[in-house]
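K.L.:
Structure in structure tokens, see below.
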Amino acid sequence: MTRILVRCDASLSIGSGHVTRCRTLARTLQQRSAEIVFLCRRQPGDLIALLEKEFRVLTLPEQALSLCEGLEGRELYAAWLGCSQAQDAEDCLTVLSSTGLHCADWLLVDHYGLGAIWQSQVQVGLDSDVPCRLLVIDDLADRPHHADLLLDQNFFWFRYRSALQAACASPLPPVAGPALCPAGAGIRPASAAGVDAHGVEQGAGVFRGGRS
157 MTRILVRCDA SLSIGSGHVT RCRTLARTLQ QRSAEIVFLC RRQPGDLIAL
207 LEKEFRVLTL PEQALSLCEG LEGRELYAAW LGCSQAQDAE DCLTVLSSTG
257 LHCADWLLVD HYGLGAIWQS QVQVGLDSDV PCRLLVIDDL ADRPHHADLL
307 LDQNFFWFRY RSALQAACAS PLPPVAGPAL CPAGAGIRPA SAAGVDAHGV
357 EQGAGVFRGG RS
């Protein structure tokens, strides 16, 4: 059985989007007989109880909440994590080891506070003859990643094009674009919306991230 570890968080500061899209992917993978294990940090609004209804969840120790007021960019996302990337990676490896999970086939990461430092540390720390592969979900393009696959479900995926081409011997097709948005089954695709006399799709969808 393929084992997939999922690292994501929700909180009153972060919102629910990262957990929501990871849950959508996890449901599909679980239906295809994959073993899914979430790694989430305890904090107010963490949605851990919601995930536990469907999946195994390993919880990381709760950290004192950092003040986010006035922070922007990388400083804000680092505050969301609640600790350094190295500390978070160590917490993940410790809880995995304590539960006897020493290896995985894939590691799915969806967190604005995590980048190449965390990804490399966790991949090296997992004990496996075959290295764990990494799928990173990110739509900021503001930090380096150590990943086998990178998914950006937004319109602006081309921001990664130069980085992908520089890192690879031959250009890779982008794993990106709205068509790959991990939306749940209850979200109606645009093609199902009404079309007016000019062939223009009608309707709009609004998601406020679980914080409003």
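Numbering (my numbering), first residue to last: 157 to 368.
Heads up, the beta-carbon is just placed ideally off N, CA and C, and yes, glycines get one too.
(1) Buried or exposed: Pro-327, going by 16 or more other Cβ atoms within 10 Å of its Cβ?
(2) Using a threshold of 8 Å, state whether the C-beta atoms of Cys-259 and Cys-224 are closer than that.
(3) List the endpoints of the continuous alpha helix (DSSP H) containing Leu-207.
(4) Taking Glu-191 as part of the beta strand (DSSP E), name the residues at either end of that continuous run.
(5) Is the region 229-239 touching the region 278-295, taking contact as three or more C-beta pairs under 8 Å?
(6) The beta strand (DSSP E) that contains Leu-237, what's its start and end?
(7) Looking at C-alpha atoms only, which residue of Val-251, Asp-295 and Ala-166 is the closest neighbour of Gly-201?
(8) Is it true that the CB of Gln-309 sits closer than 8 Å to the CB of Leu-270?
(9) Indicate the three-state DSSP secondary structure (helix, strand or coil) for Asp-266 in the structure shown.
(10) I'd like to check one pair, Arg-163 with His-301: are the Cβ atoms closer than 8 Å?
(11) Rounded to whole angstroms, what is the Cα-Cα separation between Arg-197 and Cys-239?
(12) Output the distance between the C-alpha atoms of Val-278 and Cys-248, rounded to the nearest integer angstrom.
(13) Compute the Euclidean distance between the alpha carbons of Ala-332 and Cys-178, then round it to the nearest angstrom.
(14) Between the C-alpha atoms of Leu-181 and Leu-264, what's the straight-line distance to the nearest angstrom?
(15) Contact check, Asp-261 vs Ile-160 under 8 Å by CB: the rounded distance?
(16) At 3 residues or longer, what runs of the beta strand (DSSP E) sit wholly inside the region 252-305?
(17) Could you tell me if Val-213 is buried or exposed, where buried requires 16 or more neighbouring beta carbons within 10 angstroms of its beta carbon?
(18) With DSSP as the reference, please indicate the residues paired to Leu-249 in a beta bridge.
(19) Looking at the secondary structure, which residues open and close the beta strand (DSSP E) in which Leu-185 lies?
(20) Could you give the DSSP three-state label for Asp-244: helix, strand or coil?
(21) Taking the alpha-carbon of Gln-243 as reference, which of Leu-257, Ile-192 and Glu-218 has the nearest alpha-carbon?
(22) In three-state terms, what does DSSP make of Ser-167?
P.N.:
According to the structure shown:
(1) Position 171 of the sequence shown, counted from the first residue, corresponds to residue 327. The predicted position of Pro-327 is uncertain, since its pLDDT is 46 and thus under 50; no value can be drawn from it.
(2) The residue labelled residue 259 in the question sits at position 103 within the sequence shown. The residue labelled residue 224 in the question sits at position 68 within the sequence shown. Cys-259 places its beta carbon 8 Å or farther from that of Cys-224.
(3) Here residue 207 refers to the residue found at position 51 of the sequence shown. 204-208 is the span of the alpha helix (DSSP H), which, as asked, contains Leu-207.
(4) Counting from 1 along the sequence shown, the entry for residue 191 is found at position 35. Its beta strand (DSSP E) spans residues 191-197.
(5) In short, these stretches do not touch, since the Cβ pair count stays below three.
(6) Reading the sequence shown from its first residue, position 81 is the one you call residue 237. For Leu-237, there is no enclosing beta strand (DSSP E); the residue is found in the alpha helix (DSSP H) stretching over 229-237.
(7) As a position in the sequence shown, residue 201 is number 45, starting the count at 1. Residue Ala-166 is the option with its Cα nearest to Gly-201.
(8) In the sequence shown, counting from the first residue as 1, residue 270 sits at position 114. In the sequence shown, counting from the first residue as 1, residue 309 sits at position 153. For the 8 Å CB-CB criterion, Leu-270 and Gln-309 do not form a contact.
(9) Locating residue 266 in the sequence shown gives position 110, counting from the first residue. Correct three-state label for Asp-266: strand.
(10) Taking the sequence shown and counting its residues from 1, the one referred to as residue 301 is at position 145. Taking the sequence shown and counting its residues from 1, the one referred to as residue 163 is at position 7. Against a cut-off of 8 Å, the Cβ pair of Arg-163 and His-301 comes out as no contact.
(11) Stepping through the sequence shown from its first residue, residue 197 is reached at position 41. Stepping through the sequence shown from its first residue, residue 239 is reached at position 83. Arg-197 and Cys-239: Cα-Cα distance of roughly 11 Å.
(12) Here residue 278 refers to the residue found at position 122 when the sequence shown is read from its first residue. Here residue 248 refers to the residue found at position 92 when the sequence shown is read from its first residue. Near 8 Å, if we compare the C-alpha coordinates of Cys-248 and Val-278.
(13) Numbered from its first residue, the sequence shown carries residue 332 at position 176. Numbered from its first residue, the sequence shown carries residue 178 at position 22. Any reading at Ala-332 must be qualified, since the residue scores a pLDDT of 49, below 50, and its modelled position is unreliable; the value itself is stated next. The straight-line gap separating the alpha-carbon atoms of Ala-332 and Cys-178 is approximately 16 Å.
(14) Mapped onto the sequence shown, residue 181 falls at position 25. Mapped onto the sequence shown, residue 264 falls at position 108. Taking the straight line joining both Cα atoms gives about 10 Å.
(15) For the purposes of this step, residue 261 is taken as residue 105 along the sequence shown, with counting starting at 1. For the purposes of this step, residue 160 is taken as residue 4 along the sequence shown, with counting starting at 1. Right, the Cβ-Cβ distance comes to about 7 Å (below 8 Å), so this counts as a contact.
(16) You should have 262-266 and 289-293.
(17) Working through the sequence shown from its first residue, we reach residue 213 at position 57. So Val-213 counts as buried.
(18) By one-based count along the sequence shown, residue 249 stands at place 93. In the DSSP output, where bridge partners are listed per residue, Leu-249 has none listed.
(19) If you number the sequence shown from 1, residue 185 lands on position 29. Run containing Leu-185: none in the beta strand (DSSP E); it sits in the alpha helix (DSSP H), 173-187.
(20) What you label residue 244 is simply residue 88 of the sequence shown in a count that begins at 1. Helix at Asp-244.
(21) By 1-based counting over the sequence shown, the position of residue 243 is 87. Measuring from the Cα of Gln-243, the nearest candidate turns out to be Glu-218.
(22) Looking up residue 167 in the sequence shown gives position 11. It is a strand residue.
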